[in-house]
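Visitor: Pasting a structure here, questions to come.
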Amino acid sequence: MRNIAVLMLIGLVVVAAGCQRTNYRPLPKPEPLSPAPVGTVQSGQLSSPGEASGFPEAPADAGQSQEQFETAAAGAPAVTREALVGRWTISASGSNCDLFLALTKWTGGYRAATRGCSNEAALVSAWDVQGNQVLLSDNSGNQFARLYKSGEESYNGTTASGQPVSLSR
């Protein structure tokens, strides 16, 4: 019995030795990567904070931007709920995050959920369509934003506080 165990051990060692590979030739070194092309870099002095910049002035009256919104929304194309279902990127308060719209009935319209939002857009939990406008609301039914269709896969509008907001795919 002991002889059989020794023979099996020797056989196992021979089989395992046959599985090993020894290569005495060193691998060739890889070719160095060529550097990526770099465009031109502009340099210059920044204007002092008191000087006028190339940016337009912020609107002084929130009512005026609301009036502009009403005018733009009046000429916007029709919106259907079915076209809005799915994942969107919402841009509000200088940040972007995901907004998911579903046709599940919910307080304030239909179910909405956000992911990765760190601003007030994180509170959006409901949506609905009224005429040619998309309404986004929080779980208390407070309106967060009104948007109108501005392109094939984009909607623009304002939040309840008058800040710009957009949806895009």
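In terms of full-length UniProt numbering, the sequence shown has 60 at position 60, counting the first letter as 1, and numbering is strictly consecutive. Every residue gets a Cβ at the ideal spot worked out from N, C-alpha and C, and that includes glycine. On a predicted model such as this, the values are computed, not experimentally measured, just so you know.
(1) Going by beta carbon distance, what residues of the same chain come within less than 6 Å of residue 111, once the five residues before and after it are set aside?
(2) Over the uninterrupted beta strand (DSSP E) stretch that includes residue 170, give me the two end residues.
(3) Does residue 167 pass the burial test, meaning 16 or more other C-beta atoms within 10 Å, or should it be called exposed?
(4) Here's the rule: buried if 16 or more other CB atoms are within 10 angstroms of the residue's CB, otherwise exposed. What is residue 124?
(5) Would you call the segment 112-119 and the segment 142-150 in contact, with 3 or more CB pairs under 8 Å?
(6) If I measure Cβ to Cβ from residue 62 and keep anything under 7 Å in the same chain, skipping five residues before and after, which residues do I get?
(7) Quick check on DSSP: helix, strand or coil for residue 141?
(8) With DSSP as the reference, label residue 25 as helix, strand or coil.
(9) Just to check my reading of the structure: residue 126 and residue 137 have Cβ atoms closer than 8 Å, yes? What is that Cβ distance to the nearest angstrom?
(10) Report the rounded CA-to-CA distance for residue 139 versus residue 94, giving the unit in angstroms.
Guide: Inspection of the coordinates gives the following:
(1) Result list for residue 111: 102 and 104, in chain order.
(2) Residue numbering for the chain in the displayed model covers 1 to 169; residue 170 lies beyond these limits and cannot be assessed.
(3) Around the beta-carbon of residue 167, 16 or more other beta-carbon atoms lie within 10 Å, marking it buried.
(4) Buried.
(5) Under the three-pair Cβ rule at 8 Å, the segment 112-119 does not count as touching the segment 142-150.
(6) Note on residue 62: pLDDT 49, under 50, position unreliable in the model; the coordinate value appears next. Around residue 62: 162.
(7) Under the three-state reduction of DSSP output, residue 141 falls in the coil class, being neither helix nor strand.
(8) Residue 25: coil per DSSP, three-state reduction.
(9) The C-beta distance from residue 126 to residue 137 rounds to 4 Å, short enough to fall under 8 Å.
(10) If I take the Cα positions, the gap works out to 23 Å.
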